[in-house]
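Visitor:
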Amino acid sequence: RQAQYRALKDRASVTACGVPIMLQHNAGLLIDLPSLEETGADGIGLFRTELQFMVARSLPRTKEQETLYARVLDAAGERPVTFRTLDIGGDKVLPYMRTFAEENPALGWRAVRLGLDRPGLMRLQIRALLMAAAGRSLRLMFPMVTDVAELDSAKAIVRREISHLVKHGYKTPTDLKIGSMIEVPSLLYQLDAVMNRCDFVSVGSNDLFQFMTATDRGNTRLSGRFDILSPSFLRPLKAIADASERNRCPVTVCGEMAGRPVEALALLGLGFRRLSMSPASVGPVKAMVIDVRMEPLTEAMDAMLSDPLATVSVREALVAYADEH
Ligand code: PEP
Ligand code: MG
Numbered sequence: 347r348q349a350q351y352r353a354l355k356d357r358a359s360v361t362a363c364g365v366p367i368m369l370q371h372n373a374g375l376l377i378d379l380p381s382l383e384e385t386g387a388d389g390i391g392l393f394r395t396e397l398q399f400m401v402a403r404s405l406p407r408t409k410e411q412e413t414l415y416a417r418v419l420d421a422a423g424e425r426p427v428t429f430r431t432l433d434i435g436g437d438k439v440l441p442y443m444r445t446f447a448e449e450n451p452a453l454g455w456r457a458v459r460l461g462l463d464r465p466g467l468m469r470l471q472i473r474a475l476l477m478a479a480a481g482r483s484l485r486l487m488f489p490m491v492t493d494v495a496e497l498d499s500a501k502a503i504v505r506r507e508i509s510h511l512v513k514h515g516y517k518t519p520t521d522l523k524i525g526s527m528i529e530v531p532s533l534l535y536q537l538d539a540v541m542n543r544c545d546f547v548s549v550g551s552n553d554l555f556q557f558m559t560a561t562d563r564g565n566t567r568l569s570g571r572f573d574i575l576s577p578s579f580l581r582p583l584k585a586i587a588d589a590s591e592r593n594r595c596p597v598t599v600c601g602e603m604a605g606r607p608v609e610a611l612a613l614l615g616l617g618f619r620r621l622s623m624s625p626a627s628v629g630p631v632k633a634m635v636i637d638v639r640m641e642p643l644t645e646a647m648d649a650m651l652s653d654p655l656a657t658v659s660v661r662e663a664l665v666a667y668a669d670e671h
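According to the working numbering, the stretch in the sequence shown is residues 347 to 671, in order.
This is how it looks when you write it as structure tokens:
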């Protein structure tokens with residue numbers, strides 16, 4: 347199998363009926379970069395910048411951050427990289443940062459919430475990203491956005507940093523795209539407003555599923571209790587895919603489900619065309635993609651979700667579909 351997957355490296359990620367499907371990596375450290383060549387992926391769909399901060403002994407200086415980001419962009423070459431600003435706080439604690447005990451860290455003072463309340467850190471990180479991408483393209487994305495007002499504030503910080511750099515004679519990115527994670531359920535009711543403010547969005551299905559089902563993603567007692575392929579989760583995903591098309595705002599799915607072939611098949615059937623996953627998943631997912639025909643798959647998914655009374659997971663039906671086709 348491994349050899350078979352490796353052999354797909356140079357094969358285009360296109361369905362049997364000719365629809366291109368973008369497959370990208372989730373990454374976060376320098377050691378993740380060589381795998382881009384090994385899998386032939388279309389870039390980095392999610393670069394988790396907090397990993398550099400979590401492995402460091404002290405807060406990485408702006409210059410250190412800039413150096414890492416520049417090396418990531420160098421390694422990716424022409425391929426796009428989406429940098430996500432710090433997703434720390436809650437349970438992703440930095441040993442060198444003062445923390446506050448929180449009863450529900452996953453629901454706590456984390457990610458963009460912390461970034462907006464203590465903008466010093468976020469400002470310097472954005473500056474490092476802008477400087478690393480001077481003279482080239484930059485894709486910047488914010489985690490744990492709960493309300494579009496947070497996007498407005500975050501974008502204001504970006505604008506301010508750009509003015510600062512211009513004023514001091516630094517080169518800025520030639521092209522800047524701003525995106526939002528969709529991983530907090532409240533955004534499901536602000537989809538048009540989010541997409542109106544963004545150049546792209548990315549579904550964090552790990553957190554979205556955790557928050558929608560009120561199920562701690564790290565609690566092994568609960569893992570497998572609810573199926574991510576249940577209509578109650580697939581319907582909101584479909585709403586995101588539809589909103590993406592309506593608003594012409596590209597959407598990626600970057601949660602773990604995107605890297606599992608049956609789940610990825612469901613995502614294609616819902617209308618998603620961009621998936622980001624761990625490098626080891628690219629081969630298995632590409633093997634699925636090149637066998638898929640979109641028309642019957644879309645019809646099958648629509649049929650599975652059309653009955654408003656349907657509540658049981660479509661997993662079995664999807665596996666049967668995959669075997670048949
Ligand atoms: C997610 O929540 O699905 C996601 C991709 O982000 P992280 O796993 O880093 O929370
Ligand atoms: Mg997340």
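We put the CB at the ideal spot given by N, CA and C, even for glycine. In this text, all values refer to a predicted model and were calculated from it rather than measured experimentally.
LEU575 by DSSP, collapsed to three states: which one?
Guide: If DSSP states are grouped into helix, strand and coil, LEU575 belongs with coil.
Visitor: For LYS517 versus ASP545, is the C-beta spacing smaller than 8 Å?
Guide: For LYS517 and ASP545, no; Cβs fall outside 8 Å.
Visitor: Indicate, with yes or no, if the ligand PEP has a heavy atom lying under 7 Å from the CB of ARG620.
Guide: Every heavy atom of the ligand PEP is 7 Å or more from the Cβ of ARG620, so no.
Visitor: Going by the CB atoms, is the gap between ALA610 and LEU621 shorter than 8 Å?
Guide: Going by C-beta atoms, LEU621 is nearer than 8 Å to ALA610.
Visitor: I believe MET487 touches SER548 by the beta-carbon criterion, under 8 Å. Please report the beta-carbon distance rounded to the nearest angstrom.
Guide: 6 Å between Cβ atoms; contact.
Visitor: Do you know offhand how far GLU412's Cα is from SER578's?
Guide: Cα to Cα, the separation comes out at about 41 Å.
Visitor: Is any non-hydrogen atom of the ligand MG found closer than 7 Å to the C-beta of ASN552, if you look at the structure I gave you?
Guide: Yes, the Cβ of ASN552 comes within 7 Å of a heavy atom of the ligand MG.
Visitor: In terms of residues, what are the limits of the beta strand (DSSP E) holding ILE472?
Guide: Not the beta strand (DSSP E): ILE472 falls in the alpha helix (DSSP H), residues 465 to 478.
Visitor: List, from N- to C-terminal side, the beta strand (DSSP E) runs of 3 residues or more that fit wholly inside the segment 605 to 670.
Guide: Counting only runs of 3 or more, we get 620 to 623.
Visitor: DSSP puts PRO366 in a beta bridge; with which residues?
Guide: Answer is VAL360.
Visitor: Should GLY564 and THR520 be called a contact, given that it needs their Cβ atoms to be closer than 8 Å?
Guide: Contact: no.
Visitor: Return yes when at least one heavy atom of the ligand MG lies under 7 Å from the C-beta of PRO366, else no.
Guide: PRO366: no, Cβ never under 7 Å from the ligand MG.
Visitor: Flag this pair as touching only if the segment 444 to 452 and the segment 414 to 427 have three or more C-beta atom pairs under 8 Å; answer yes or no.
Guide: Touching, no.
Visitor: Cβ of LEU614 within 8 Å of Cβ of ILE390?
Guide: It is not a contact, given that the beta carbons lie outside the stated cut-off.
Visitor: Quick check: does the Cβ of GLU529 come within less than 7 Å of any heavy atom belonging to the ligand PEP?
Guide: Yes, the ligand PEP has a heavy atom inside 7 Å of this Cβ.
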